[in-house]
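Numbering (the numbering used here), first residue to last: -13 to 166.
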């Protein structure tokens, strides 16, 4: 996923392409044509890398915004077997939050996902989601309310993202803070 407040430059003018570099082999690819803006967005999009065979998992992506400002980001990709589920890049933002936060995560394969909130003492106070998700990047909103619809008090809580498919399951645990 690539984003910029003023959009991504897709003109492919001299030096203004989106470039993917395999840092192990120093091979570079122009992937500008693989960029697709997200629905209803002029600032955020995604790039498919399905057609590129790379020997490493350490990559560099270079891109330009519409004001011709360059940016580079080093990316570490994970290689896993297709039947074993993994959760990557899981976090919530903002954290701490006052009214609403978004849980973001990536799945290595399709899975049934649930997100639960617990007190520091281990009491489950909210299950936000329990549904099927496709492989890839996801965002889930939460309004900071418990299972009865009441606002939670200021403080630190634990969240747990559980992903299951027919052959495996995994989870990610993190801290979340409410500051109203």
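For every residue, glycine included, the Cβ atom is placed at its ideal position computed from N, Cα and C.
Review point. For the candidate residues 7, 49, 116, 119, whose alpha-carbon lies nearest to that of residue 43?
Key: Residue 43 has its Cα closest to that of 7, out of 7, 49, 116, 119.
Exercise for review: Measure the CB-CB distance between residue 124 and residue 99 and report whether it falls below 9 angstroms.
Suggested key: Closer than 9 angstroms, so yes.
Point to revise | Same chain, Cβ closer than 6 angstroms to residue 33, five either side skipped, listed in chain order | key: Excluding residues up to 5 positions away in sequence, 17, 20, 21 lie with their Cβ nearer than 6 angstroms to the Cβ of residue 33 in the same chain.
Check your understanding: Hey, out of 139, -3, 158, whose CA is closest to residue 145's CA?
Key -> Closest option to residue 145, Cα to Cα, is 158.
Practice item. In the DSSP assignment, find the unbroken beta strand (DSSP E) run with residue 60 in it and report its ends. Key: Element bounds for residue 60: 56 to 62.
Review point. Taking the continuous beta strand (DSSP E) assigned at residue 92, which residues delimit it?
Key: 87 to 93 is the span of the beta strand (DSSP E), which, as asked, contains residue 92.
Point to revise | Buried or exposed (CB count within 10 angstroms, at least 16 for buried), residue 0 | key: Exposed, by the Cβ-count rule.
Review point. What number of angstroms, rounded off, separates the C-alpha of residue 83 from the C-alpha of residue 132?
Key: Distance between the alpha carbons of residue 83 and residue 132 is about 15 angstroms.
Practice item. Pull up the CB-CB distance for residue -11 and residue 29, whole angstroms please, since I reckon it's below 8 angstroms. Key: Between residue 29 and residue -11 the Cβ distance is about 5 angstroms, and since that is below 8 angstroms, they are a contact.
Review point. What are the start and end residues of each continuous beta strand (DSSP E) run of 3 or more residues lying completely inside the segment 101 to 162, in chain order?
Key: You should have 110 to 119, 122 to 128, 141 to 150.
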